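A short write-up of the structure that comes next.
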Amino acid sequence: MKDLKLLIRPNIWALEPYSSARDEYKDTQAGTFLDANESPYNSPDNRYPDPHQADLKALVARVKGVTPQNIFLGNGSDEAIDLIFRIFCTPQRDNVIALSPTYGMYEVAAHINDVEYRSLELDEHFGFNAQRLLQLANERTKVIFLCSPNNPTGNLLPEKEVRYVIENFQGIVVIDEAYIDFAFKPSFLRQLAHFPNLIILQTFSKAWASAGIRLGMAFAQPDIILLFDKVKYPYNLSMLTQREALTLLKEKRFDIDQWVRTIVEEKSRVAQALSQLPFCLKIYPSDANFLLVKITDAQAIYDYLLKRKIIVRNRTHTPLCHNCLRITIGSITENTRLLAALRQYPQP
Ligand SMILES: *Cc1c(COP(=O)(O)O)cnc(C)c1O
């Protein structure tokens, strides 16, 4: 990896970050707070939230086996993705690389930031060759995005190739692990300390069942996390989000592992049942909480399900996904409803 200073946009390197009232005086417990122009009424909502999210980071650090200095928390993974562009990529000059098909936000964030987006199509097994990927890079390539398990294909990317990219690329490698809790392979988080150029994205939106509170995580070495802190909005996580996340992680009435086990079991049941249907051509192996399914006529079956108020994702216009539906694994009841509807699909 190049020296971090050479990868960062010069204006970000030079940036003097905003200093909030809570940066200048940190103790929030005791005191008469007349420094942030807050209202004295409507407690506790009258106070600005902790800009450093110290309590939540301490808990996430424990759960994930990292230190708080390895953690950025944002308004969904999407905030982390956007910040990566704003920290590393000079508009109209630099470029990033990703695989195709993959999560659409990398390309959208590239376009919003006016950064060139290059991509390599996955092979027919949804794998890729690391050397071919690196051939797309030049001296202006700042970031490579890898999504594993990948959306919408559902598979973990081959570990050997991912490792080769991390070890040989001179810039930043982002591994988006939004679905890692559903896979029977460990996260790259365990190897974070070995890789100064690695950023791992995870989220509260999938296995942790909290898409509504908008909470995404990025894990990296402290020097990279300091850059996120420098560029983010000072109060980027509301008090409501921080409080809800703390409750989720603290309260024993939520058994996230049990939720994951049930979803993974249901995925097998749904896959098995789908494979019996005459119009189902292929069910791709999935390490995530959804199935990518190739059928005879994706549009017709999508429309049929829609009429029954069952909504899946039609991916037929995505590269390598012609006539494919992406079906999220829901509750047992929801999955049973989906299968019942599909069994009644009128055959021509
Ligand atoms: C769902 C998903 C996310 C989660 O995004 P949030 O903004 O955290 O809700 C991130 N990456 C991928 C690939 C996803 O499919």
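Going left to right, the sequence shown walks through residues 7 to 354 as my numbering numbers them. Even for Gly, the Cβ is constructed at its ideal location relative to N, Cα and C. If you're wondering where the values come from, they're calculated on a predicted model, not measured in any experiment.
- Straight across, the Cα-Cα distance linking CYS330 with ALA20 is about 47 Å.
- Here ASN81 carries a coil assignment [DSSP, helix/strand/coil].
- With 16 or more other Cβ atoms inside 10 Å of its own Cβ, PRO107 counts as buried.
- Inclusion of ASN144 and ASN101 in the CB contact set at 9 Å is warranted, their separation being smaller than that value.
- When PRO23, GLU22, PRO50 and TYR24 are compared, the shortest CA-CA separation from THR34 is found for PRO50.
- Between PRO57 and the set VAL299, LYS236 and GLN137, the nearest pair of CA atoms involves LYS236.
- Where SER274 is concerned, the enclosing alpha helix (DSSP H) starts and stops at 262-281.
- Secondary-structure assignment with DSSP links ASN341 through no beta bridge to anything.
- Per DSSP, the beta bridge partners of LEU207 are ASP182 and ALA224.
- Shown here, GLU113 sits in a helix according to DSSP, grouped into three states.
- Shown here for PRO97: same chain residues with a beta carbon closer than 8 Å to its own, the five before and five after excluded, namely ASN119, ASP120 and VAL121 in chain order.
- The closest CA to that of VAL114, considering only PHE151, ASP129 and ALA217, is found on PHE151.
- Residue environment for LYS32: exposed (fewer than 16 other C-beta atoms within 10 angstroms of its C-beta).
- The straight-line gap separating the alpha-carbon atoms of GLU173 and LYS166 is approximately 11 Å.
- Counting along the chain, the unbroken beta strand (DSSP E) around ILE150 starts and ends at 147-153.
- Here VAL149 is not near PHE225, since their CB atoms are 9 Å or more apart.
- With a 10 Å radius around the Cβ and a threshold of 16 neighbouring Cβ atoms, ASN17 comes out exposed.
- In chain order, the residues that have a beta carbon nearer than 5 Å to some heavy atom of ligand 1 are GLY82, SER83, ASP84, TYR109, CYS153, ASN157, ASP182, ALA184, THR209, SER211 and GLY222.
- Rounded to the nearest whole angstrom, the C-alpha separation of TYR290 and ALA189 is 14 Å.
- Rounded to whole angstroms, the gap between the alpha carbons of VAL270 and GLY133 is 22 Å.
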